[in-house]
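Residue numbers (mature numbering (1 follows the signal peptide of the UniProt record, and there is no 0)): -17 to -1, 1 to 290.
Right, here's the structure in full:
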């Protein structure tokens, strides 16, 4: 785990209390002693999470300063600690950025596993922050009635309306266990949300099939269950839905994980009051009203074992 604001990972029961005294009668004054706050398990070791304000370069400097007085086995243990910290690694999502000290919502670059990096919008305000935003609708200025390729690679403006990209979303969610939050503004100005404890978006070989589960919130559940969870992504030029009579993306002026066809359609036609074509979240809007704003965002579960 990265450590700039720092989450220091230590082996359980391991702390370094190093004396600069050389006389046998001298009482040891620890120059390094890091206490624990909470603990969790990993596949390799029991590790404790420790909160500190040390910067990365400070941790490295500590090693340089004390290596001359450490015993050989202590040097090895300290080197292993630095490897666990992975101090030189890059943020893989907005959760990492938050742990590394980012406290302001905005546009940042992340480096999910296997990627050379790309820009994302981070929400560090909603529900403790750490959210990576992958969809945003605010004013209808961006055209969301687009084809497969655009939805695969992403489009729009990260400071306005956008779709991050199905491939990017897959790369992020394939790194571990992620939750989903959907924030919406209704036409009367009230705000509602839907949160799901489980989100998984498969890769291109499965046509970006989505799995969601574990609803909570105020908007009602219009995404999990058979209507969307477990289904492939469809666009007007690639019909992956199970509706034999027509293409759901064409019928509903959108692009989504349709079955035959939907209870949510947040990539639909902004402001539409035509049946099923607007930014519908059926549990809150029905099929004739649109929400006036949406943000869809993901966040990694920090305290669950990653796949």
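Even for Gly, the Cβ is constructed at its ideal location relative to N, Cα and C.
Residue environment for residue 152: buried (at least 16 other C-beta atoms within 10 angstroms of its C-beta).
Scanning its chain for C-beta atoms nearer than 7 angstroms, with the 5 sequence neighbours on each side dropped, one finds no residue around residue 99. With a contact defined as Cβ atoms closer than 8 angstroms, residue 202 and residue 264 qualify at about 6 angstroms. Of the candidates 207, 119, 126 and 162, the residue whose Cα lies closest to the Cα of residue 275 is 119. Per DSSP, the continuous alpha helix (DSSP H) segment holding residue 267 begins and ends at 265 to 268.
Residue burial annotation: residue 247 is buried, with at least 16 other C-beta atoms found within 10 angstroms of its C-beta.
The beta-carbon distance between residue 272 and residue 170, rounded to whole angstroms, is 6 angstroms. This is short enough to meet the 8 angstroms contact definition. Exposed is the label assigned to residue 132, since fewer than 16 other Cβ atoms lie within 10 Å of its Cβ. Fewer than three pairs of CB atoms, one per stretch, sit closer than 8 angstroms, so the stretch 252 to 271 makes no contact with the stretch 214 to 229. Residue 81 and residue 113 have their C-alpha atoms roughly 6 angstroms apart. Counting only the Cα atoms, residue 284 lies some 34 angstroms from residue 124. In its chain, beyond the 5 residues on either side, 135 have a beta carbon closer than 6 angstroms to the beta carbon of residue 150. Nearest to residue 187 by C-alpha distance, out of 176, 173, 111 and 157, is 157. With respect to residue 182, residue 281 sits close: the two C-beta atoms are nearer than 7 angstroms. Residue 229 is classed as exposed because its beta carbon has fewer than 16 other beta carbons within 10 Å across all chains shown. Approximately 26 angstroms separates the beta-carbon atoms of residue 167 and residue 95; this is outside 8 angstroms, ruling out the contact.
In this structure, DSSP gives residue 82 a helical state, which the three-state scheme calls helix. When beta bridges are read from the DSSP output, residue 195 appears opposite 182. For residue 260, the closest alpha carbon among the candidates 266, 267 and 244 is that of 244.
Under a 10 Å Cβ-count criterion, residue 250 is classified as buried, with 16 or more other Cβ atoms of the shown protein chains found around its own Cβ.
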